[in-house]
Amino acid sequence: MNPDTVLRIGKVFETPYGGDGVDFVDQLNYQFTGGLLIIFIAVIGVRQYVDVNQMIAIFETGFLNNHF
Numbered sequence: 001m002n003p004d005t006v007l008r009i010g011k012v013f014e015t016p017y018g019g020d021g022v023d024f025v026d027q028l029n030y031q032f033t034g035g036l037l038i039i040f041i042a043v044i045g046v047r048q049y050v051d052v053n054q055m056i057a058i059f060e061t062g063f064l065n066n067h068f
């Protein structure tokens, strides 16, 4: 495989952030919006399955110290 082929394959995955009218805020939007959405979805999903009040009660009553 020659270097030209590798460079052409790399250009397929290149995301065009530049151009007329694209500033720093637009670049941040393109780069981080997807990641932030995934993080928020994960946080909300964890909160649906883990009851924070129950976890606090387990640690306050010493349940773990008495049984393990």
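Quick note on numbering: the numbering used here labels position 37 of the sequence shown as 37, and the sequence is numbered without any gaps. We put the CB at the ideal spot given by N, CA and C, even for glycine. Model, not experiment: these values are computed from the prediction.
Separation of residue j from residue i, as counted between CA atoms
i: residue 50; j: residue 31; result: 30 angstroms
i: residue 44; j: residue 22; result: 32 angstroms
i: residue 5; j: residue 27; result: 28 angstroms
i: residue 53; j: residue 42; result: 19 angstroms
i: residue 40; j: residue 24; result: 23 angstroms
i: residue 33; j: residue 56; result: 33 angstroms
i: residue 37; j: residue 46; result: 14 angstroms
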